[in-house]
Every structure is written in structure tokens, then in C-alpha cells.
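K.L.:
Numbering (the working numbering), first residue to last: 3 to 575.
Positions of the beta carbon are idealized from the N, C-alpha and C atoms, including for glycine.
Since the structure is predicted, the reported quantities are computational estimates derived from the model, not experimental observations.
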RNA sequence: GCGCCUGUAGCUCAGCUGGAUAGAGCAACGGACUUCUAAUCCGUAGGCCGCAGGUUCGAAUCCUGCCAGGCGCGCCA
């Protein structure tokens, strides 16, 4: 409908502007006014044209109204305020969306347009395989998963990918930590150096490795021998834990990409050679970092990527002093690999602490692929964990580190997911463990779920009262007269549900999945408000029928929205 | 010092590719369950939209500067 109106206006503009060949025709964008008196849709096109045409917005709007040919559904339109064109639709035409929703079911709001579909690689979480995920990872995980759902809902082909940083010095630390615990489990007394990972999970992994490996044989090896022998199992042990934790909040990846693979297959080396051939690499010395104390800074000549030529602030090293590739070098190879795998688009979701990394990766990709094939990077801000308003101190050493799994086990997947989705990723998020468990107004997830459960209760009640089962759960509803839905709250619900596809579309365009959460909260609020003022099941058969259809639609749209967010819609609460 | 993010009601946040009177929840106060779920609803009160300039017919929204908070700033990932 919105589109039909926009086209009608666009057509009128073309006609009007035919005599002004130099004036560019602005795109018509309609929005839904906050106030009902301002009609169902409003257009502001007349205002930006005022200056070009040197006539008042009101005059232009009047000319548009004389020219435009409205679709049938339009009741009328008038000029209001400084030059808005307010459009009113025939009442019944909007309510037909209810029948559309029932017919489409889970598909309502989704689109499947092959022509605009993109093959998208969405990389998220990518937590190091050296320990459990914390709540910050959890936020990224939930945001990424919901975004994948949003993008798929508008027809894209999305691959969820996890990049395993299973290379570098941290793997040595991990392996050594596991080995220390293995020795300990064998009754030897060991001392833990400062850098080692002390966590309980290391003991778990150590236990498993003792079952699989010959302890005495390992003991006879030197450190590098042991690294070869057990590091992969240590990593696998961690990744199993991470996958379990992700599964506990309903997240599954399509693909796990190993950094180690990039190194062992020679792709990192090849990439560096290619960059050298392209002349964007040189040997040089970087200035000391500003504003940060680097006590052991020594000017060292190293292999540098000329990223400053492509928008970065300083050039970046590709190799460490010992000659091995930096994380950055591998990451370029990784993004290049994604590109070669044929994705139209890549999206990375990172924690805010990696914000300083964005420019260099985008610069590197710009240098490497001679077109704009950079990843869209979404930075997710930090999560501050609190309990009853007091910050939960997070310290690995003191053992007060709270894992994502602990939080999920304590408050539940639905509450965690929904709360993580109620804010834009740019704002820091305060997550209170006690508030998230409360089943009241402080917790938006139950507010929305309650609306759904409440509708199911009404439908059960309606069936008890003898309302036709076909009406309650069937699809043969074509003959229901919807013109009886005249109450203010009913029209609000209808027009709100009509906007659901637009919400999804906007969420996908702007990569902002949280919009779905705010949408379902508002829809739930409209429903609760309707519920208190209007009775669904009544003596009036025609009204009952229409209202049953109305609330079924609300339940469907809430369910569809929650499903995008990965949150359940319970039948009763 | 430099880069990125944030600053809106007492608190937590929407509203941000300019548009009509800046919204919601919590907290405060006052109401609503003999009637489909009160995990709900209705009402009252609460605002130099961080500050100062600028652009514009129109600025919470765009630009510049400043202030405050968060994150980051070579050979970690």
C-alpha cells in the first residue's frame, strides 16, 4: 500500500515537474504520522520543492493534489501544517491486512525476492578458543544471530561464520596451562606462572586429555613436542565448550573457520608475497605509540603494510620480530578468503575493544581488491553486568569472572536474548542479573511474551464458548466482515501490524536488528491496551469473529518478531 | 595527544540519511480485577535533548568547537 501511494505521488511529481527540466525530482518518502488526525500516511515532498520552484509548500502541495491519481483505497487527502500532504485510507482497506497475515502465517513480513538477494557472510562471536565466553561475547552473539535472521527474512542468503583464533602465542599458553593441570591431576605439585589460564575449564580439558594421551610419553617430550601433541585437542576442548554455550542461547553457526588453516596452507605467506609484488609493503620503523606507556619501546625495523595510503592512521606490521606473521596479516588473508569464496558482502561483528582495528582491515581490503569490497564492521559496545544495581566485579584472578553460560543458566535464554536486543549496539548496556529474572514491568521480554500467552488464553476461552474452530485456528476466513473493527485501539493494532514488513526492511537496510525488539514491545503495548478496553468474546457474533481474527494476527506478528530475535512465544504463562 | 562510540525526564533507554506538540519503561503519586491471564491497564507529575556557535522555511537529528564518560592506540589476539 505504502509503495502504491509513493508511486502515485511520484507520478504526479513527474507530471508537475515536466515544465522544470532542470529540477531533479525528489524521491517520495511517506511516513506514518504519530497522530491519527494527521491521517494514515504523510508526505513532505512539497517542502523541499518550495525553494526550487519558488512557490510556497502549500501551493505545491495543492498542485500535487490536483494532479495525483490515487489508488482505490484512498479515502482522501489534504494539506496540513507547513505543507504536509496527509493521506487517509478507506477504513476497511487497512483491515484486510489481517487476512493477509493469517494467510501468510510465519511468512508474514518476510520477502523472497531473488533479484535483490545477496550472498552475505556474517562473522560474529569469534571468541578466542582459550576460555569461556563472557557476557560481552554474548551480546555480540545475540546481535549477530538476530541480524542474520533479519537479513534472511528479507531474502538474503546468509552464512553464519565463526573465526577461530587458533594460532599464535595464546595457543602455547593454553597448551601449557592444560599441561600443568594434567600434571597436577597426576599428583605432581606444580606452580602456575602469572600468564597461565587458571580456570576450572582447563581442568576439565586436562581430564579429557589424560584419557586420550599417554601421560608418561608426553612427560618425556620437550615443550614444543607437547604443543604439537596436545594443542589441537586443547583447542577442540575449548571449542566444544563454546559451541555448547552458544547452543544454550540457541545459536548455531554454519561454518567455523580456522586461522591455523590459513597459516598451514600457506595462504598468509602467499598473501604477503602478493602485497609485496603490489608494492604496498616496505621495511621500516614505526614511531612510538602516543599517549600510552610503552616502557620497552625500541625502534625496530619491520615489515610494514602501507595502509596509510588507504585511509589508515599508521602503517601496520605484517610480521613479528621472530618472523612469524602478525594477527593482522592472517586477518587480511582471512577477509580475502571470504571475498574469494564469492560473497557479495561481508559483515563483521566485533566488540568495541577492537574498534581501533576497523580502519586497518578496511584499508587492507581496499589495497588488495581494487574495488570497494570492505567488510561492514559493526562494533558492539560493552556490557556492564550488575546485580541489584551494583556492579559485578569481573576478575579472572579473584575467580569472580562471570561467564555467559552462568548468566544464561541463571536468568534464561529468552531474557538474556531479549535484553541484549533492546538497545542499539552503539550504546553500552547495563545488564542487571536480578532485574532480568524479575517477571514484571522491569523485564520487557515477559511483557511481550505475556501478550502472546494472553491471546492464546483468549482463543482457548473462545473455543470453550463455542466459537467456530475454523475461525480460531483455520484459514477459511475470507467472509469475515472486518468493517466492525472501528475502535481506536483496533485501528492502532491494524496500522501497526501493517508496518511490520517496513520494520524488517529498515532493520535489514541499516543492519539494526534491535528495531524488531522495539517493534514487538510497542505492538504488545497496543494489544494490552486494546485488551483492557474491549472484549473479544461477546454475544455479538460478527464482532467476535472480527476480533478473533484481529488477535490471531497480533499473536502471529508477535511470534514472527520474537522468532527473528530467537525468543520463544509461550502458549501460557 | 590521536581515532571510534556515547551524552535526551530522578534511573534505563527509544526517537538521529532534518519535519507537525520530543516518547516508553522503572521509580513517585492517584485509580482499575464478581466479566476472555492484574507478568496487565488508565491517569497525574516530571525535559536549557551535555554546552556554545553555524546551516535551514524548519535542528534532539546535519556541520564546527568545547565539556564529560566508555573503548582503543608497535613487535597480543
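1) Do the CB positions of residue 220 and residue 208 come within less than 8 Å of each other?
2) Looking at C-alpha atoms only, which residue of 304, 283 and 479 is the closest neighbour of residue 289?
3) Hey, how far is the Cα of residue 279 from the Cα of residue 131?
4) Identify every run of the beta strand (DSSP E) within the segment 74-134, keeping only runs that are complete inside it and at least 3 residues long; order them along the chain.
5) Comparing C-alpha positions only, which one of 544, 122 and 557 sits nearest to residue 451?
6) Would you kindly work out how many angstroms separate the C-alpha atoms of residue 125 and residue 240, rounded to a whole number?
7) Are residue 464 and residue 559 close, meaning C-beta to C-beta below 8 Å?
8) For residue 260, list the residues DSSP reports as bridge partners.
9) Leaving out five residues before and five after residue 369 in sequence, what residues of the same chain have Cβ atoms less than 8 Å from its Cβ?
10) Ignoring anything shorter than 4 residues, give me the alpha helix (DSSP H) runs that lie fully in the segment 435-475, in order along the chain.
11) Is it true that the CB of residue 389 sits closer than 8 Å to the CB of residue 436?
12) Please name the residue, chosen from 431, 110, 50 and 323, that lies closest to residue 353 on a Cα-to-Cα basis.
13) For residue 135, which of 375, 117 and 396 has the nearest alpha-carbon?
14) Within 10 Å of its beta-carbon, does residue 357 have 16 or more other beta-carbons around it, so buried, or fewer, so exposed?
15) If you draw a straight line from the alpha carbon of residue 506 to that of residue 111, how long is it in whole angstroms?
16) Per DSSP, what are the beta-bridge partners of residue 386 in this structure?
17) Could you name the residues that DSSP lists as bridge partners for residue 587?
18) Could you check what DSSP says for residue 379 in three-state terms: helix, strand or coil?
19) So residue 548 and residue 482 are supposed to be a Cβ contact under 8 Å. How far apart are they, rounded?
20) Enumerate in chain order the residues of its own chain whose CB-to-CB distance from residue 179 is below 6 Å, with the five nearest sequence positions on each side excluded.
21) So, at 8 Å on beta carbons, what are the nonlocal neighbours of residue 497 in its own chain, with the 5 sequence-adjacent residues on each side left out?
22) Would you tell me roughly how many angstroms separate the C-alpha atoms of residue 314 and residue 190, rounded to the nearest one?
23) Is there contact here, the segment 98-112 with the segment 317-324, by at least three beta-carbon pairs under 8 Å?
24) If we ignore side chains and look at the alpha-carbon of each, how far apart do residue 453 and residue 489 end up?
25) Please state whether the Cβ-Cβ distance between residue 162 and residue 150 is less than 8 Å.
26) Over the uninterrupted alpha helix (DSSP H) stretch that includes residue 344, give me the two end residues.
27) Taking the CB atoms as reference points, tell me whether residue 387 and residue 394 lie closer together than 8 Å.
28) Select from 201, 157, 404 and 164 the residue whose C-alpha is nearest the C-alpha of residue 176.
29) Using the three-state DSSP reduction, which class does residue 203 fall into: helix, strand or coil?
30) Can we say the segment 323-334 touches the segment 254-268, given the rule of at least three CB pairs closer than 8 Å?
31) Quick one: Cα of residue 381 to Cα of residue 187, how far?
32) Only counting the same chain, and skipping five residues up and downstream in sequence, which positions put a Cβ closer than 8 Å to that of residue 336?
33) Following the continuous alpha helix (DSSP H) through residue 524, name the residue where it begins and the one where it ends.
34) What separation, rounded to the nearest whole angstrom, lies between the Cα atoms of residue 108 and residue 473?
35) Starting from the Cα of residue 292, find the closest Cα among 273, 284, 510 and 316 and give me that residue.
36) Note down the Cα distance separating residue 410 from residue 250, rounded to an integer number of angstroms.
P.N.:
Looking at the coordinates:
1) Here residue 220 is taken as the residue at index 218 of the first chain, counted from 1. Here residue 208 is taken as the residue at index 206 of the first chain, counted from 1. No, the Cβ-Cβ distance between residue 220 and residue 208 is not below 8 Å.
2) The residue you call residue 289 lines up with position 287 of the first chain. Comparing Cα-Cα distances from residue 289 to each of 304, 283 and 479, the minimum goes to 304.
3) Taking the first chain and counting its residues from 1, the one referred to as residue 279 is at position 277. Taking the first chain and counting its residues from 1, the one referred to as residue 131 is at position 129. If I take the Cα positions, the gap works out to 34 Å.
4) 76-82, 86-91 and 121-125
5) In the first chain, residue 451 corresponds to position 449, counting from 1. The shortest C-alpha separation from residue 451 is found at 557.
6) Here residue 125 refers to the residue found at position 123 of the first chain. Here residue 240 refers to the residue found at position 238 of the first chain. The alpha-carbon atoms of residue 125 and residue 240 are separated by roughly 19 Å.
7) The count along the first chain starts at 1 and reaches residue 464 at position 462. The count along the first chain starts at 1 and reaches residue 559 at position 557. Contact: no.
8) Position 258 of the first chain, counted from the first residue, corresponds to residue 260. According to DSSP, which records beta bridges pairwise, residue 260 is partnered with 166.
9) Locating residue 369 in the first chain gives position 367, where the first residue counts as 1. Once the five neighbours on either side are set aside, the close Cβ partners of residue 369 are 277, 280, 282, 307, 308, 309, 311 and 312.
10) 435-439, 446-466 and 471-475
11) Position 434 of the first chain, counted from the first residue, corresponds to residue 436. Position 387 of the first chain, counted from the first residue, corresponds to residue 389. The answer is yes: Cβ separation under 8 Å.
12) If you number the first chain from 1, residue 353 lands on position 351. Nearest C-alpha to residue 353: 431.
13) Position 133 of the first chain, counted from the start, is the residue given in the question as residue 135. Residue 396 is the option with its Cα nearest to residue 135.
14) Sequence index remark: in the first chain, residue 357 carries index 355 (1-based). Looking at its Cβ environment, which holds fewer than 16 other Cβ atoms inside 10 Å, residue 357 is exposed.
15) Here residue 506 refers to the residue found at position 504 when the first chain is read from its first residue. Here residue 111 refers to the residue found at position 109 when the first chain is read from its first residue. About 7 Å.
16) In the first chain, the residue the question calls residue 386 occupies position 384. Paired residue(s): 432.
17) Nothing can be reported for residue 587: it is not among the residues displayed for the chain, which extend from 3 to 575.
18) Locating residue 379 in the first chain gives position 377, counting from the first residue. Here residue 379 sits in strand by DSSP.
19) Numbered from its first residue, the first chain carries residue 548 at position 546. Numbered from its first residue, the first chain carries residue 482 at position 480. Contact holds; Cβ gap of about 6 Å.
20) Counting from 1 along the first chain, the entry for residue 179 is found at position 177. Excluding sequence neighbours, residue 179 sits near 198, 199 and 204.
21) Translated into the one-based positions of the first chain, residue 497 becomes position 495. Excluding positions up to five away in sequence, the list reads 34, 42 and 96.
22) Against the first chain, residue 314 aligns to sequence position 312. Against the first chain, residue 190 aligns to sequence position 188. For residue 314 and residue 190, the distance between alpha carbons rounds to 51 Å.
23) no
24) For the purposes of this step, residue 453 is taken as residue 451 along the first chain, with counting starting at 1. For the purposes of this step, residue 489 is taken as residue 487 along the first chain, with counting starting at 1. Approximately 19 Å between the Cα atoms of the pair.
25) Taking the first chain and counting its residues from 1, the one referred to as residue 162 is at position 160. Taking the first chain and counting its residues from 1, the one referred to as residue 150 is at position 148. Yes, Cβ-Cβ distance for residue 162 and residue 150 is below 8 Å.
26) On the first chain, residue 344 is found 342 positions in, with the first residue counted as 1. Taken as a continuous stretch (DSSP letters only), residue 344 belongs to no alpha helix (DSSP H), as it is neither H nor E.
27) Locating residue 387 in the first chain gives position 385, counting from the first residue. Locating residue 394 in the first chain gives position 392, counting from the first residue. A contact, by the Cβ cut-off of 8 Å.
28) Indexing the first chain from 1 puts residue 176 at position 174. Minimum Cα distance to residue 176 is reached at 201.
29) The residue given as residue 203 occupies position 201 in the first chain. Residue 203 falls in the helix class under three-state DSSP.
30) yes
31) Residue 381 sits at position 379 when you count from the first residue of the first chain. Residue 187 sits at position 185 when you count from the first residue of the first chain. When rounded, the distance between both Cα atoms is 41 Å.
32) The residue given as residue 336 occupies position 334 in the first chain. Excluding sequence neighbours, residue 336 sits near 165, 259, 261 and 264.
33) Residue numbering aside, residue 524 sits at position 522 when the first chain is read from its first letter. Here the alpha helix (DSSP H) through residue 524 covers 516-535.
34) On the first chain, position 106 is the one that residue 108 refers to. On the first chain, position 471 is the one that residue 473 refers to. Answer to the nearest angstrom: the Cα atoms are 18 Å apart.
35) Position 290 of the first chain, counted from the first residue, corresponds to residue 292. That would be 316, whose Cα lies nearest to the Cα of residue 292.
36) For the purposes of this step, residue 410 is taken as the residue at position 408 of the first chain. For the purposes of this step, residue 250 is taken as the residue at position 248 of the first chain. Distance between the alpha carbons of residue 410 and residue 250 is about 7 Å.
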